[in-house]
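Just below is one structure, and these are the notes that go with it.
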Amino acid sequence: MRSEEEMRTLILAVAQEIGAKAVALSGSRVNPCVPKDDFQDYDIVYVVENKTELLENRAWLKRFGEILVSQRPEEMTLFPSTLGERFTFLMLFKDGNRIDLTLCPLSFVEQWRVEEPLFQVLADPENILQPAPQLTDEIYRTQVPSEAMFQDCCNEFWWVTTYVVKGLVRHEQTYTVDHLYGICHQELLRLLSWQVVRQQGPVNVGKNYKYLFTYLDAAYKQKFQSLLDFSSESNIAQSLLATQRFFHEEAQLYATQTKVSYDKVTAENVIAYTQKWMNS
Numbered sequence: 001m002r003s004e005e006e007m008r009t010l011i012l013a014v015a016q017e018i019g020a021k022a023v024a025l026s027g028s029r030v031n032p033c034v035p036k037d038d039f040q041d042y043d044i045v046y047v048v049e050n051k052t053e054l055l056e057n058r059a060w061l062k063r064f065g066e067i068l069v070s071q072r073p074e075e076m077t078l079f080p081s082t083l084g085e086r087f088t089f090l091m092l093f094k095d096g097n098r099i100d101l102t103l104c105p106l107s108f109v110e111q112w113r114v115e116e117p118l119f120q121v122l123a124d125p126e127n128i129l130q131p132a133p134q135l136t137d138e139i140y141r142t143q144v145p146s147e148a149m150f151q152d153c154c155n156e157f158w159w160v161t162t163y164v165v166k167g168l169v170r171h172e173q174t175y176t177v178d179h180l181y182g183i184c185h186q187e188l189l190r191l192l193s194w195q196v197v198r199q200q201g202p203v204n205v206g207k208n209y210k211y212l213f214t215y216l217d218a219a220y221k222q223k224f225q226s227l228l229d230f231s232s233e234s235n236i237a238q239s240l241l242a243t244q245r246f247f248h249e250e251a252q253l254y255a256t257q258t259k260v261s262y263d264k265v266t267a268e269n270v271i272a273y274t275q276k277w278m279n280s
């Protein structure tokens with residue numbers, strides 16, 4: 001696997017060869033609070049004025065190495081891109097390195113800066129990307145929610161658990177798991193992240209809450225992981241009941257400690273509704 005120094009040297013060399021006006025690195029590799037490992041992408045932007053030419057003749061991409069698999073979101077139909085005039089090459093190389101390379105026209109630099117507020121300038125002879133931002137993960141930290149946000153989280157959780165009940169009764173396992181993990185568990189994770197913020201101040205819990213349990217007692221991780229057995233309808237039903245209990249306990253605790261309102265009546269009504277259908 002090529003080293004970070006080798007990759008940075010190569011990225012700058014290719015940029016010079018194709019006439020890029022500026023080069024920047026964003027994402028986890030410039031976040032000082034993210035643990036370093038070999039799976040971190042090189043999120044690169046080339047500021048260019050010759051995007052059309054670079055797309056018409058893509059031979060320059062071979063300079064990066066032998067590609068294992070790649071994706072070009074702006075040329076996909078099923079997953080349409082929302083990046084406007086920018087164009088992205090997502091490339092995983094056979095040596096394990098990955099580059100997510102964005103060609104950004106000079107006229108779209110300010111829009112890119114808004115969407116990528118944390119970046120490191122690698123080359124910028126014309127000061128296009130100045131002033132460079134301070135490298136801190138502050139913009140990614142979870143903040144203390146408003147009371148309305150807390151209530152919306154609770155309402156979403158209890159409302160969607162009724163979909164899980166419906167899926168179980170209908171024996172629609174895919175539908176059931178999708179709502180249980182895809183929505184209910186995500187609201188539980190959101191609530192737990194707010195518990196962390198309440199106790200420790202704003203923190204970066206990471207994409208998909210991947211750092212959340214580093215801030216919590218080990219028992220929380222074990223308790224959450226026990227909810228993830230979806231191998232049978234019986235296990236899914238037990239997960240739903242345990243998820244409801246877990247959320248209800250944490251929501252009441254959060255409401256008490258922060259003195260916000262929690263709709264305990266609705267929560268208990270939904271729990272009773274769930275148990276009724278589970279026992280029928």
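Read in order, the letters of the sequence shown are residues 1 to 280 in the UniProt record's numbering.
C-beta atoms are modelled at their ideal positions from N, C-alpha and C, and glycine is treated no differently.
- Residue environment for Pro125: exposed (fewer than 16 other C-beta atoms within 10 angstroms of its C-beta).
- For Cys153, the uninterrupted alpha helix (DSSP H) run begins and ends at Glu147 to Val169, by DSSP.
- Membership of Arg198 in any beta strand (DSSP E) is not indicated; the residue belongs instead to the alpha helix (DSSP H) covering Gln186 to Gln200.
- Between Ile271 and Leu180, the C-beta gap is not smaller than 9 Å, which leaves the two residues out of contact.
- When DSSP states are grouped into helix, strand and coil, Tyr42 belongs to the strand group.
- The three-state secondary structure of Asp37, taken from DSSP, is coil.
- With respect to the C-alpha of Gly65, the residue from Ser81, Lys94 and Glu110 having the closest C-alpha is Lys94.
- The residue from Arg8, Phe247, Tyr273 and Ser261 with its alpha-carbon nearest to that of Val121 is Arg8.
- Taking Glu4 as the centre and dropping the five residues before and after it, the same chain places no C-beta closer than 7 Å to its C-beta.
- Rounded to the nearest angstrom, the gap between the Cα atoms of Phe39 and Arg29 is 10 Å.
- Three or more Cβ pairs closer than 8 Å define a contact, and the region 7-23 meets that threshold against the region 31-46.
- Within the same chain, and ignoring the five residues on either side of Tyr140 in sequence, the residues whose Cβ sits closer than 7 Å to its Cβ are Asn204.
- Less than 9 Å separates the beta-carbon of Leu90 from that of Ser70.
- Assignment of alpha helix (DSSP H) within the region 42-91, counting only whole runs of 4 or more residues, yields 51-56 in chain order.
- Every unbroken stretch of the alpha helix (DSSP H) spanning 4 or more residues and falling wholly within the region 1-37 is given here in chain order: 4-18.
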